[in-house]
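**Q**
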Ligand code: EPU
């Protein structure tokens, strides 16, 4: 375990908590301790955090809703989780929200306002910030298609507000990594028929519910779909559904979901991931790569 130097006073003045279990910070519920969890409630506090870390050469991680994250041990470096509130601003078909706004709740607010363009987002958990960082998408939609202006902190702590430029976002990727912090974004939507919007959202959600184990603790799809194949189908065909290590199990419903029945430890979860990769390698000769983010 690497020991961090003592944190500077101007960091310690910001709202923070010590030794928070990642079981409370992630949807999967696996993990060790988050030694330092910084939770700014204003953009100015978030900026002070990033500026200070930059000045001190201190590495940090940015946490959103923790729904695409597998934590396999204690995290010693400071973790930033924005707590900027969940007000939204609606003007001329444009919906603006903070990065800490819940992603599904945001799609629901758009639908309730009779605005079309985020129907696909109704089943994707996490925060708006996490969705931007991943350029989240489903059913043919993705964030970059609706994104208007957005605001973020650069790794140096500079506040930037602008429109997306070519190269900023691509399939499930963006430049908002490596110390960048998304702060707010505007979705450019169009007025639609409220019944049709609600129907499209319900359909997207229904499809997920029928094929994914959403009532169990999970981190979404664990592995990327390899070129021309589906990870879930490969794992399934290799006979690995139901494989269990302690409380970690390959979901019998969708093989690319590794669920936590409650008490799965980081070691058990890691062993299950390794055994799935090994099983798929032996059966199909295919190397699966994680789709989730893995800490530390
Ligand atoms: N399949 C099996 N066995 C399984 C699971 C799936 O044979 O256990 C087969 C299905 O029958 C289907 C094919 O595999 O023919 C594809 O399955 P599915 O429609 O469930 O889509 P997916 O490729 O497994 C992707 C995304 C999901 C997203 C869905 C729907 C990835 C890695 N996965 O899943 O994203 O929800 O499409 O849009 O891209 C996530 O990002 O966390 C995630 C779950």
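In my numbering, the protein residues as written are 1 to 296. Glycine included, every Cβ here is placed at the ideal spot set by N, Cα and C.
(1) How long is the line joining the alpha carbons of residue 59 and residue 20, rounded to whole angstroms?
(2) Using a Cβ-based criterion (distance less than 8 Å to any ligand heavy atom), does residue 139 qualify as near the ligand EPU?
(3) Which runs of the beta strand (DSSP E) spanning at least 3 residues fall entirely within the stretch 94-126, listed in chain order?
(4) DSSP has residue 186 in a bridge; who is on the other side?
(5) Output the distance between the C-alpha atoms of residue 138 and residue 267, rounded to the nearest integer angstrom.
(6) The ligand EPU and residue 215: does the residue's C-beta get closer than 8 Å to at least one heavy atom of that ligand?
(7) Should the stretch 11-18 be regarded as contacting the stretch 204-213, the criterion being three or more beta carbon pairs within less than 8 Å?
(8) For residue 234, which of 246, 119, 134 and 276 has the nearest alpha-carbon?
(9) Excluding the five sequence neighbours on either side, which residues of its own chain have a C-beta within less than 8 Å of the C-beta of residue 65, listed in chain order?
(10) Using 10 angstroms around the beta-carbon of residue 212, count the other beta-carbons present and answer buried if the total reaches 16, otherwise exposed.
(11) Can the beta-carbon of residue 79 be found closer than 9 Å to that of residue 269?
(12) In its own chain, which residues sit with a C-beta less than 8 Å from the C-beta of residue 33, not counting the 5 before and 5 after it?
(13) Check for me: the alpha helix (DSSP H) holding residue 16 runs from which residue to which?
**A** A quick look at the data gives this:
(1) 19 Å
(2) yes
(3) 94-98
(4) 96
(5) Rounded to the nearest whole angstrom, the CA to CA distance from residue 138 to residue 267 is 31 Å.
(6) Outside the cutoff, so no.
(7) Contact between the stretch 11-18 and the stretch 204-213 is not established, with fewer than three Cβ pairs separated by less than 8 Å.
(8) 276
(9) 27, 102, 103, 125, 126, 127 and 130
(10) buried
(11) no
(12) 19, 20, 21, 22, 74 and 75
(13) It is not in any alpha helix (DSSP H) - residue 16 instead sits in the beta strand (DSSP E) that spans 16-21.
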